[in-house]
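First residue of the sequence shown: 2, per my numbering; consecutive thereafter.
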Amino acid sequence: MVSYKELGLVNTRDMFSRAINGGYAIPAFNFNNMEQLQAIIKASSDLKSPVILQVSKGARNYANPTLLRYMAQGAVAYAKELGCKHPEIVLHLDHGDSFELCKNCVDLGFSSVMIDGSSLPYDENVALTKKVVEYAHQFDVTVEGELGVLAGVEDEVASEVSHYTKPEEVIDFTTKTGVDSLAISIGTSHGAYKFKPEQCTRDPKTGRLVPPPLAFDVLDEIMKKLPGFPIVLHGSSSVPQEYVDIINANGGKLPDAVGIPEEQLRKASKSAVCKINIDSDSRLAFTAAVRKTLAEKPAEFDPRKYCGPARDLMEVMYKHKIIDVLGSDNKLAQLD
Ligand SMILES: [Zn+2]
Numbered sequence: 002m003v004s005y006k007e008l009g010l011v012n013t014r015d016m017f018s019r020a021i022n023g024g025y026a027i028p029a030f031n032f033n034n035m036e037q038l039q040a041i042i043k044a045s046s047d048l049k050s051p052v053i054l055q056v057s058k059g060a061r062n063y064a065n066p067t068l069l070r071y072m073a074q075g076a077v078a079y080a081k082e083l084g085c086k087h088p089e090i091v092l093h094l095d096h097g098d099s100f101e102l103c104k105n106c107v108d109l110g111f112s113s114v115m116i117d118g119s120s121l122p123y124d125e126n127v128a129l130t131k132k133v134v135e136y137a138h139q140f141d142v143t144v145e146g147e148l149g150v151l152a153g154v155e156d157e158v159a160s161e162v163s164h165y166t167k168p169e170e171v172i173d174f175t176t177k178t179g180v181d182s183l184a185i186s187i188g189t190s191h192g193a194y195k196f197k198p199e200q201c202t203r204d205p206k207t208g209r210l211v212p213p214p215l216a217f218d219v220l221d222e223i224m225k226k227l228p229g230f231p232i233v234l235h236g237s238s239s240v241p242q243e244y245v246d247i248i249n250a251n252g253g254k255l256p257d258a259v260g261i262p263e264e265q266l267r268k269a270s271k272s273a274v275c276k277i278n279i280d281s282d283s284r285l286a287f288t289a290a291v292r293k294t295l296a297e298k299p300a301e302f303d304p305r306k307y308c309g310p311a312r313d314l315m316e317v318m319y320k321h322k323i324i325d326v327l328g329s330d331n332k333l334a335q336l337d
């Protein structure tokens, strides 16, 4: 048993309450390799932003759970080396699908876990979530639950259709389970293909897909039922078209990839939405830089020569999200 506190990590409680009151959102960036982690910590430390490092079940399998925990511990030390004396870094399990997986993460030093019972019948979701909360809270680990189903594909999480969160369920769910935050479904979606072309309109000038707007009316109703309660948005990459274009111009094939317009995420950040999950944009930035570098320098075979530019582009993207979309820069509790 390792306590996250020994690793220098924090849970989400305090940063969420500050984010709701301050009208901004905390970035939750997925990571599974060193370059991503370096870029996330560089961006959040330079900008004095709290940050949530997310690990999915797939990332655990890819990178090894123990190694990931030491990487998070290393991230705290790296942030301090970068001049951030009091970093606020959360190590969070994304889409935990069983009590055992959540327990294992708590025992390994995670400071926050998500239990995603959203695909289960309501009563089973309540029971499973409650069980995880009861275990995690003994160690002051915060828990995110989910109501409603997001469409799209992300690692093991896949669904054909989305079901918006039912506002009439949220009070009962949060009261019975004791969760610290709630992921909701209001039209965001996992992956780089968040909407099918038939769900979108097309910009006549550029030919690009224009996605349908998020269901802010559902969010408003949920906020009325749960005033001041931390809300989480999954699947909130914006799928920057410049990265898609670079990928497609250098041998890639991502036709009609489309995400959530940043304007809408900016609006959500100012509400009770206090955690916004971004994964695909990092994958796109990484892939764009690798493809471009290798296309321009076909003789290159030193991974540092193409993973380096990938890391730099991800850092630019993370900084843009923190400053221009979420507004979490200069929001550490202790800025000195
Ligand atoms: Zn998700």
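Backbone N, C-alpha and C define an ideal beta-carbon position, used for all residues, glycine too. All of these numbers come straight from a predicted model, not from anything done at the bench.
Taking the runs of the beta strand (DSSP E) that are 3 residues or longer, which of them lie wholly in the region 113-155? The beta strand (DSSP E) runs of length 3 or more contained entirely in the region 113-155 are, from start to end of the chain, 113-116, 143-148 and 152-155.
Compute every distance between the C-beta of D282 and the non-hydrogen atoms of ligand 1, then say whether any falls below 8 Å. In the sequence shown, residue 282 corresponds to position 281, counting from 1. Answer for D282: no, Cβ out of range of ligand 1.
Could you give the distance in angstroms between the alpha-carbon of D282 and the alpha-carbon of V127? Numbered from 1 along the sequence shown, position 281 holds the residue referred to as residue 282. Numbered from 1 along the sequence shown, position 126 holds the residue referred to as residue 127. Here the C-alpha atom of D282 lies approximately 32 Å from the C-alpha atom of V127.
Rounded Cβ spacing between T202 and I187 (contact assumed at less than 8 Å): Counted from its first residue, the sequence shown places residue 202 at position 201. Counted from its first residue, the sequence shown places residue 187 at position 186. Between I187 and T202 the Cβ distance is about 19 Å, and since that is not below 8 Å, they are no contact.
DSSP state of P304, grouped into three classes? Counted from its first residue, the sequence shown places residue 304 at position 303. The three-state secondary structure of P304, taken from DSSP, is helix.
How long is the line joining the alpha carbons of R14 and D257, rounded to whole angstroms? Residue mapping note: residue 14 aligns to position 13 of the sequence shown, counting from 1. Residue mapping note: residue 257 aligns to position 256 of the sequence shown, counting from 1. Their backbone Cα atoms lie some 38 Å apart in a straight line.
Cβ-based burial, S237 [other Cβ within 10 Å; buried from 16]: For the purposes of this step, residue 237 is taken as the residue at position 236 of the sequence shown. By the 10 Å Cβ count, S237 comes out buried.
Taking 8 Å as the cut-off, is the C-beta of N33 nearer than that to any heavy atom in ligand 1? Here residue 33 corresponds to residue number 32 of the sequence shown, with the count starting at 1. Checking every heavy atom of ligand 1 against the Cβ of N33, none is found closer than 8 Å.
What span of residues does the alpha helix (DSSP H) with P66 cover, start to end? Mapped onto the sequence shown, residue 66 falls at position 65. In the DSSP assignment, P66 falls within the unbroken alpha helix (DSSP H) covering P66 to E82.
Is it true that the region 18-38 meets the region 307-320, where meeting means three or more beta-carbon pairs spaced less than 8 Å apart? With a cut-off of 8 Å on Cβ pairs, the region 18-38 is in contact with the region 307-320, counting three or more such pairs.
Less than 8 Å between the CB atoms is what I'm expecting for S190 and A152, so what's the real figure, rounded? As a working mapping, residue 190 is identified with position 189 in the sequence shown. As a working mapping, residue 152 is identified with position 151 in the sequence shown. With a Cβ gap of about 5 Å, S190 and A152 count as contacting.
Bridge-paired residues (DSSP) for I232: Numbered from its first residue, the sequence shown carries residue 232 at position 231. I232 has L183 and V274 as its beta-bridge partners, per DSSP.
Check whether the region 318-327 touches the region 43-52, counting contact only when three or more Cβ pairs, one atom from each stretch, lie closer than 8 Å. Judged by Cβ distances under 8 Å, the region 318-327 makes contact with the region 43-52, as three or more pairs qualify.
Does DSSP classify N62 as helix, strand or coil? Translated into the one-based positions of the sequence shown, residue 62 becomes position 61. Here N62 sits in helix by DSSP.
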